[in-house]
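Residue numbering for the sequence shown follows my numbering, starting at -15 and increasing by one per position.
Just so it is clear, CB atoms sit at the ideal spot from N, CA and C, and this is done for glycine as well.
Small disclaimer: the values here were computed from a predicted structure and weren't measured.
Report on the following structure.
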Amino acid sequence: MKIVCPHCRQETPNVPEEYLNMEIECPACHKAFVCEKPKFCSECGAANPAKASSCVQCGNAFTVPQPTPIPQPTPIPPPIPSAPGFANPPAPLPPPPAAAQQSDSLGILLGKLSLVIGIISFVCLPWIYGPAAVILGLIALHRKNESGITGLILGIIGTVLSTILVIIGICRG
Ligand SMILES: [Zn+2]
Ligand SMILES: [Zn+2]
């Protein structure tokens, strides 16, 4: 390894790698400096002290090595200065998704069932399927599922219509 003295810019070849980052004394000017790998000029190839801002030989200005931007991971919440004995507050747990989803899917199922039974009530046994569709629709609505309203309405219409038809039939009969 070749090193360059930052004081007198004396090049010292064949320095063992073990001296890297160690404080050594320049053999020429006897000043102490931290042994660093030299910076080689991109223009003339001359070895320069690691902290040199321009080439000693040709004056080529080195681009100042920007401190490598440390990739910021997910912003870590600032450490809460917790007094000894006080545990950090537990991270807020997300709402249990399984239970919510289950009740929601049950509401959808009830809404669909109410709709199907409401349709059936038009075809047969309206006094059985009609109220059933109404009840299921109400349950689905109670579960904040809007699809239940269709079954509810169909059930009501089916029940009312069939009742009217039966009344008309009785009156005619
Ligand atoms: Zn020196
Ligand atoms: Zn140069």
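Quick check: what's the CA-CA separation for residue i versus residue j?
i     : j      : result
S89   : K96    : 10 angstroms
S98   : I152   : 27 angstroms
I135  : S105   : Just to set this straight, residue 135 is Gly in the shown sequence, not Ile. The alpha-carbon atoms of G135 and S105 are separated by roughly 10 angstroms.
I123  : C155   : 36 angstroms
T52   : L125   : 58 angstroms
I137  : G114   : 9 angstroms
Q56   : A12    : 44 angstroms
C19   : K(-14) : 10 angstroms
A31   : I54    : 28 angstroms
I112  : R127   : 23 angstroms
P0    : C10    : 14 angstroms
T(-4) : P76    : 60 angstroms
S37   : E2     : 25 angstroms
I140  : T58    : 55 angstroms
L120  : G91    : 9 angstroms
F46   : C39    : 7 angstroms
Just list the residues that DSSP pairs residue i with in beta bridges.
i      : result
I(-13) : T(-4)
S26    : None; S26 has no bridge partner.
F17    : I8
S38    : A45
A31    : F24
With a threshold of 6 angstroms, establish whether the CB of residue i neighbours any heavy atom of ligand 2.
i   : result
A30 : yes
Q41 : yes
N44 : yes
E7  : no
E27 : yes
Exercise. Residues with a Cβ closer than 5 angstroms to any heavy atom of ligand 1, in chain order?
Worked result: Result: C(-11), H(-9), C(-8), Q(-6), C10, A12, C13.
For this session: Write down every uninterrupted run of the alpha helix (DSSP H) in the segment 86 to 129 whose length is 4 residues or greater and which is fully enclosed by it, in chain order.
Result: Counting only unbroken stretches of 4 or more residues, the alpha helix (DSSP H) elements lying wholly within the segment 86 to 129 are 110 to 126, in sequence order.
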